[in-house]
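Report on the following structure.
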Amino acid sequence: MVQQGAGALGGGAEHSDHGEHGQRKVTRFWLFSTIAVFAVAWGGNQFTPLMVMYRLNRDLPPVFVDLLLFVYALGIAPALLISGPLSDRIGRKPVMLAAPFLSIIGSTLIAIGEKTGPLILSGRFISGIAVGIVMAVGGSWVKELSTERFDPTAKPTSGAKRQSMALTLGFGIGAGVAGTLAQFAPMPGQLAYIVHICLTIPTALGMMMVPETRQSPHLQGGHQESLLQSLRTPSVTNRRFLLVVAMGAPWVFGAAGVAYAIIPSLMQNFVSQPVFYSAMVTFFALLLGFGIQQIGPRLVSNHSAKGSLIAMGIVIVGMGAAAWMSTNPTAVTAFVAALILGMGYGLSMFTGLNEVQRIAGPRDLAGLTGIFYCLTYIGFAFPAILTELSHSISWMTYPVMLGGGMVIALAMSAVIYLNSRVNLPQKTELA
Numbered sequence: 053m054v055q056q057g058a059g060a061l062g063g064g065a066e067h068s069d070h071g072e073h074g075q076r077k078v079t080r081f082w083l084f085s086t087i088a089v090f091a092v093a094w095g096g097n098q099f100t101p102l103m104v105m106y107r108l109n110r111d112l113p114p115v116f117v118d119l120l121l122f123v124y125a126l127g128i129a130p131a132l133l134i135s136g137p138l139s140d141r142i143g144r145k146p147v148m149l150a151a152p153f154l155s156i157i158g159s160t161l162i163a164i165g166e167k168t169g170p171l172i173l174s175g176r177f178i179s180g181i182a183v184g185i186v187m188a189v190g191g192s193w194v195k196e197l198s199t200e201r202f203d204p205t206a207k208p209t210s211g212a213k214r215q216s217m218a219l220t221l222g223f224g225i226g227a228g229v230a231g232t233l234a235q236f237a238p239m240p241g242q243l244a245y246i247v248h249i250c251l252t253i254p255t256a257l258g259m260m261m262v263p264e265t266r267q268s269p270h271l272q273g274g275h276q277e278s279l280l281q282s283l284r285t286p287s288v289t290n291r292r293f294l295l296v297v298a299m300g301a302p303w304v305f306g307a308a309g310v311a312y313a314i315i316p317s318l319m320q321n322f323v324s325q326p327v328f329y330s331a332m333v334t335f336f337a338l339l340l341g342f343g344i345q346q347i348g349p350r351l352v353s354n355h356s357a358k359g360s361l362i363a364m365g366i367v368i369v370g371m372g373a374a375a376w377m378s379t380n381p382t383a384v385t386a387f388v389a390a391l392i393l394g395m396g397y398g399l400s401m402f403t404g405l406n407e408v409q410r411i412a413g414p415r416d417l418a419g420l421t422g423i424f425y426c427l428t429y430i431g432f433a434f435p436a437i438l439t440e441l442s443h444s445i446s447w448m449t450y451p452v453m454l455g456g457g458m459v460i461a462l463a464m465s466a467v468i469y470l471n472s473r474v475n476l477p478q479k480t481e482l483a
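Spelled out as structure tokens, the structure:
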């Protein structure tokens with residue numbers, strides 16, 4: 053199919069050219085933006101397996117180490133809420149270009165402040181801001197670059213699939229490399245961050261080549277909204293978002309947080325190389341999350357919330373497996389529980405993004421994506437909450453708390469099931 057109208061919005065850059073036989077050669081601009089998402093996600097999650105190292109070093113209190121996961125989420129939240137609408141106002145590209153540089157600053161602060169609480173806190177917060185930008189703005193940019201105008205081969209689900217895969221692969225490989233280096237290489241508190249910095253610098257250069265996909269109202273000759281007006285996201289009140297998407301969202305990183313924060317912490321006294329074990333648990337859990345995203349488009353439906361229900365079913369099984377293994381931790385049962393939760397994370401991420409992209413209009417796609425991700429990061433509070441409860445309340449054991457989580461996930465699944473056909477989009481084609 054020959055794509056017409058090759059001029060890109062905002063800069064007039066062409067996204068294709070004529071080959072020797074007069075056919076258009078498509079430039080995969082979406083690939084440059086997904087690589088940036090991958091690199092920043094790498095930086096955000098490389099810290100996770102190193103949490104075991106920080107605990108074993110005893111330089112930082114255990115609750116403080118778990119709190120660093122939540123501080124990271126606190127950095128993500130304002131970035132999600134502000135960067136998306138800001139990119140609707142001034143364009144995707146200028147906002148996205150900030151993310152790699154913030155990610156580099158975050159890695160630098162953590163590396164130089166290995167045993168210093170305030171520096172690590174600051175680094176984690178800034179890393180969270182960078183990840184928030186690539187999740188909200190990067191997701192919208194990848195979605196828009198995965199439309200017929202820029203990629204004639206794209207399917208309706210390609211934007212959600214490419215974004216969720218880039219995030220998952222970055223989260224997984226970043227954790228796997230960082231944990232392996234920390235266990236076996238010199239400078240365990242610094243080398244992983246140096247590798248990430250070297251990886252991330254070229255991604256900003258690559259994004260320079262990507263065309264803008266969103267014009268501001270001013271450039272279009274329309275009414276220029278104030279920034280406060282731009283922050284409004286009308287589709288957040290859509291009943292489908294509230295009763296389907298919002299019910300499953302906390303379990304995206306709720307499942308992931310249990311898989312690669314709670315489970316490795318339970319196993320750190322039962323394995324000989326706890327940092328490496330944590331890295332492998334995280335890597336393979338997210339690898340299975342990446343794998344299930346490959347078949348995600350086959351599991352969603354135009355006519356119900358089937359995909360979300362399947363994702364929640366996997367989460368429920370995973371939480372049950374985690375509760376069971378916590379009664380008698382072994383390396384094998386912990387690994388299996390983490391793998392199931394990794395699949396729950398991966399499919400929940402994809403189905404949630406797909407629902408958001410079906411619900412939102414062009415006006416508030418980035419804003420609703422940001423709100424969705426804010427809800428997902430509620431799950432990163434789970435490890436700190438569970439750690440604190442286990443220390444302060446005697447009967448709040450991990451089997452009790454993880455089993456309770458399974459019951460809560462079951463209740464949320466019931467809400468999704470009862471509202472599976474609420475406010476279905478009128479015109480949607482899923483591959």
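Using my numbering, the first residue of the sequence shown is number 53, and each one after it goes up by one. Don't be surprised by glycine CBs; every beta carbon is placed ideally from N, CA and C.
Straight-line gap, residue i to residue j (C-alpha atoms, nearest Å)
i, j, result
"Gly190", "Val89", "7 Å"
"Pro435", "Asp118", "6 Å"
"Thr379", "Ile249", "40 Å"
"Ile36", "Asn290", "The requested residue 36 is not part of the displayed model; the chain covers only 53 to 483."
"Pro263", "Ala91", "20 Å"
"Leu393", "Pro137", "32 Å"
"Ala466", "Pro254", "46 Å"
"Gln409", "Leu108", "43 Å"
"Asn475", "Gly300", "17 Å"
"Leu221", "Phe432", "18 Å"
"Val115", "Gly165", "18 Å"
"Pro170", "Lys207", "45 Å"
"Pro451", "Tyr425", "28 Å"
"Ser356", "Phe202", "30 Å"
"Pro204", "Ala150", "29 Å"
"Gln75", "Glu200", "The predicted position of Gln75 is uncertain, since its pLDDT is 45 and thus under 50; no value can be drawn from it."
"Asn471", "Val327", "42 Å"
Chain-order list of residues whose beta-carbon lies under 6 Å from that of residue i (same chain, five-residue window excluded)
i, result
"Val367", "Trp303, Ala307, Gly396, Ala461"
"Ala131", "Ile181, Gly184, Ile185"
"Gln215", "Gly191, Val194"
"Ala412", "Ser287, Leu420"
"Ile430", "Pro302"
"Ile178", "Leu154, Ile157, Gly158"
"Phe293", "Ile411"
Closer than 7 Å: residue i CB and nearest the ligand ADP heavy atom
i, result
"Phe434", "As for the ligand ADP, it is missing from this structure, which has no ligand bound."
CB of residue i within 8 Å of CB of residue j, strictly
i, j, result
"Ala234", "Ala218", "no"
"Met332", "Gly228", "yes"
"Phe402", "Ala212", "yes"
"Gly258", "Ala93", "no"
"Gly422", "Ser135", "yes"
"Ser155", "Val147", "no"
"Gln242", "Ala163", "yes"
"Gly231", "Leu102", "yes"
"Arg176", "Val123", "yes"
"Tyr312", "Met319", "no"
"Trp82", "Leu161", "no"
"Asp416", "Thr285", "yes"
"Arg80", "Arg266", "no"
"Leu120", "Leu173", "yes"
"Asn406", "Thr209", "yes"
"Phe335", "Leu391", "no"
"Ile314", "Leu438", "yes"
"Thr382", "Phe305", "no"
Contacts around residue i, its chain only, beta-carbon distance under 8 Å, and the 5 residues preceding and following it disregarded
i, result
"Leu399", "Gly341, Ile344, Gln345, Gly348, Leu351, Gly359, Ile362, Ala363, Ile366"
DSSP state of residue i mapped onto helix, strand, coil
i, result
"Gln235", "helix"
"Val123", "helix"
"Arg266", "coil"
"Arg80", "coil"
"Gln345", "helix"
"Trp112", "Just to set this straight, residue 112 is Leu in the shown sequence, not Trp. In this structure, Leu112 counts as coil in the three-state DSSP scheme."
"Pro541", "This structure leaves residue 541 out entirely; the chain is present only between 53 and 483."
"Arg292", "helix"
"Gly273", "Any reading at Gly273 needs caution, since the residue's pLDDT is 48, under 50, leaving its predicted position unreliable; the model's value is listed next. Here Gly273 sits in coil by DSSP."
"Ala375", "helix"
"Met448", "coil"
"Ser198", "coil"
"Gly191", "helix"
"Gln409", "helix"
"Val369", "helix"
"Arg141", "helix"
"Glu166", "coil"
Neighbourhood of residue i by C-beta, 7 Å cutoff - its chain only, sequence neighbours within 5 removed
i, result
"Met458", "Ile368, Met371, Gly372, Ala375"
"Phe84", "Gly258, Met259, Met261, Val262"
"Ala418", "Gly136, Pro137, Ser139, Asp140, Ala188, Val189, Ser192"
Exercise for the section: At 4 residues or longer, and completely inside the stretch 203 to 228: list those alpha helix (DSSP H) runs for me, N to C. Expected result: The DSSP assignment places no complete alpha helix (DSSP H) segment of no fewer than 4 residues inside the stretch 203 to 228.
Exercise for the section: Taking only runs that begin and end inside the stretch 296 to 365, name each unbroken alpha helix (DSSP H) of 4 or more residues, in chain order. Expected result: The alpha helix (DSSP H) runs of length 4 or more contained entirely in the stretch 296 to 365 are, from start to end of the chain, 302 to 309, 315 to 319, 326 to 346, 348 to 351.
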